[in-house]
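Participant: Those letters in the sequence shown? Residues 1 to 276, per UniProt numbering, in order.
By construction, the Cβ of each residue, glycine as well, lies at the ideal position given by its N, Cα and C atoms.
Please read all numbers here as calculations on a predicted model, not as lab measurements.
Dropping the structure in here first, questions after.
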Amino acid sequence: NLFDEHAQTLISIWLSKLRYTSEYFMDNLEKEHILAALSLLGTIIFMFAVGYAMVYFVRIEEENLKEKGQLGGNKGFLVKQNRNNPELKLHELRAEKYNGMVRLLKPGCRTIILVTDLKTRTKLIPEFHKAVWPYRKSKTLLFGHMLIEKGLLWYSELLRLSLCESKTLSINPRNCVGTVLALNGHRKYFCMYHAKHPESIRNGKSLVKMTKQLQRNTTDPEIGTFVEINSDDSDFEPKILLEENLLDGLSNWLDRLFEGTTQRYNINYWPDFPTK
Numbered sequence: 001n002l003f004d005e006h007a008q009t010l011i012s013i014w015l016s017k018l019r020y021t022s023e024y025f026m027d028n029l030e031k032e033h034i035l036a037a038l039s040l041l042g043t044i045i046f047m048f049a050v051g052y053a054m055v056y057f058v059r060i061e062e063e064n065l066k067e068k069g070q071l072g073g074n075k076g077f078l079v080k081q082n083r084n085n086p087e088l089k090l091h092e093l094r095a096e097k098y099n100g101m102v103r104l105l106k107p108g109c110r111t112i113i114l115v116t117d118l119k120t121r122t123k124l125i126p127e128f129h130k131a132v133w134p135y136r137k138s139k140t141l142l143f144g145h146m147l148i149e150k151g152l153l154w155y156s157e158l159l160r161l162s163l164c165e166s167k168t169l170s171i172n173p174r175n176c177v178g179t180v181l182a183l184n185g186h187r188k189y190f191c192m193y194h195a196k197h198p199e200s201i202r203n204g205k206s207l208v209k210m211t212k213q214l215q216r217n218t219t220d221p222e223i224g225t226f227v228e229i230n231s232d233d234s235d236f237e238p239k240i241l242l243e244e245n246l247l248d249g250l251s252n253w254l255d256r257l258f259e260g261t262t263q264r265y266n267i268n269y270w271p272d273f274p275t276k
């Protein structure tokens, strides 16, 4: 085997290439190129320094909050618990939301609406929220409320269509407070709840009697006092119903609604919601 005594070692070759490379850069690089490279390197170092400082200060703040008892130690559990308990939003039924909440509902979806007025909304909405809270995880339900001052024409037209009446109904808005409507926008039917008018399985004309009683003009300061006292076909005793008792039977009615045992009132189309 021949051996070249003058051959360069591997280290010598690397050092030679490094020297040639440095000489090449020294001959070809100008001052502007060097400044640009240094600026880029400085920017990268600055970004890492700022990120490290932010993480450091956040860690110090968390430790201070833990010492004061304002921050729990098990944050992952709290986040997971919040995800498993979604909030329940109540949407106000207005003209600009009417199509999305009623007319354009997907098949199988329903909107449950509470009818209130300006005087009773602060009392009835919390009770309604409490009653529908167990159904907050359902993806097929939408919950809301409607001011009868804004939707009286729509509500009277809805009753007229369900009764196939030709003349316009004149309804006392005070008597409508506390009504809950379950609207199926795709199949064009609705179910109705009111404390003074529990549904009767034996009598299919409950909506007709209800509409007649809604048309009465009463000066009674209480709500729900619209049952005709002298009506022979009424199955319920006329009595004063206070505002705080209007939704007492709503939970039971919701159970029957989702069981499919409530009465359905079909219509040909959804009436327009007034813009004023």
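Give the DSSP bridge partners of Met-192, in chain order.
Facilitator: DSSP, once it has assigned bridges, lists Leu-181 as partnering Met-192.
Participant: Give every residue of the same chain whose Cβ lies closer than 6 Å to the Cβ of His-33, excluding the five residues on either side of it in the sequence, and list them in chain order.
Facilitator: None.
Participant: Distance check for Met-192 and Lys-137, CA to CA, integer angstroms please.
Facilitator: Roughly 22 Å separates the two Cα atoms.
Participant: Would Leu-93 and His-129 qualify as a contact pair, given that the criterion is a beta-carbon distance under 8 Å?
Facilitator: No, they are not a contact pair.
Participant: Write down every uninterrupted run of the alpha helix (DSSP H) in the region 113-174 whose length is 4 residues or greater and which is fully enclosed by it, in chain order.
Facilitator: Complete alpha helix (DSSP H) runs here, min 4: 121-132, 148-163.
Participant: Taking Ile-171 and Leu-152 to be in contact with their CB atoms under 8 Å, please state how far apart those CB atoms are, rounded to whole angstroms.
Facilitator: That pair is a contact at about 7 Å.
Participant: Please report how far the alpha carbon of Lys-187 lies from the alpha carbon of Pro-107, in whole angstroms.
Facilitator: At residue 187 the sequence reads Arg, which differs from the Lys that was named. Taking the straight line from one Cα to the other gives about 8 Å.
Participant: Note down the Cα distance separating Ser-16 from Glu-61, rounded to an integer number of angstroms.
Facilitator: Roughly 54 Å separates the two Cα atoms.
Participant: Can you list, in chain order, the residues of its chain whose CB lies under 7 Å from that of Lys-276, leaving out five sequence neighbours each side?
Facilitator: Cβ within range, chain order: n/a, list empty.
Participant: Could you spell out the range, first to last residue, of the alpha helix (DSSP H) harbouring Phe-258?
Facilitator: Per DSSP, Phe-258 belongs to the alpha helix (DSSP H) from 250-259.
Participant: With DSSP run on the structure shown, which of helix, strand or coil describes Asn-266?
Facilitator: Note: Asn-266 maps to strand in three-state DSSP.
Participant: If you draw a straight line from the alpha carbon of Ile-11 to that of Glu-30, how long is it in whole angstroms?
Facilitator: Rounded to whole angstroms, Ile-11 to Glu-30 spans 30 Å at the Cα level.
Participant: With C-beta atoms as the reference, is Leu-169 less than 8 Å away from Leu-183?
Facilitator: No, Cβ-Cβ distance for Leu-169 and Leu-183 is not below 8 Å.
Participant: Tell me, which residues are paired with His-91 by DSSP?
Facilitator: Answer by DSSP bridge pairing, in chain order: Gly-144.
Participant: Ser-162: buried (16+ other C-beta within 10 angstroms of its C-beta) or exposed?
Facilitator: Buried, because 16 or more other Cβ atoms sit within 10 Å of the Cβ of Ser-162.
Participant: Have a look at Asn-175 and Gln-263 and give me their C-alpha separation to the nearest angstrom.
Facilitator: The alpha-carbon atoms of Asn-175 and Gln-263 are separated by roughly 21 Å.
Participant: Could you tell me whether the Cβ atoms of Thr-111 and Glu-243 are closer together than 8 Å?
Facilitator: In this structure, Glu-243 does not lie closer than 8 Å to Thr-111 by Cβ.
Participant: By Cβ distance, which residues of its chain are closer than 8 Å to Leu-105, with the 5 residues on each side in sequence left out?
Facilitator: If we look at Leu-105 and ignore the five residues flanking it on each side, its Cβ neighbours are Thr-111, Leu-142, Leu-183, Asn-184, Gly-185, His-186.
Participant: Going by C-alpha distance, which of Val-177, Met-101, Phe-273 is nearest Leu-246?
Facilitator: For Leu-246, the nearest C-alpha among the options comes from Val-177.
Participant: According to DSSP, simplified to helix, strand and coil, what is Leu-104?
Facilitator: Here Leu-104 sits in coil by DSSP.
Participant: Please classify Ile-144: is it buried, with 16 or more other beta-carbons within 10 angstroms of its beta-carbon, or exposed?
Facilitator: The residue you asked about is not Ile; residue 144 is Gly in the sequence shown. The residue in question, Gly-144, is buried, as its Cβ has 16 or more Cβ neighbours within 10 Å.
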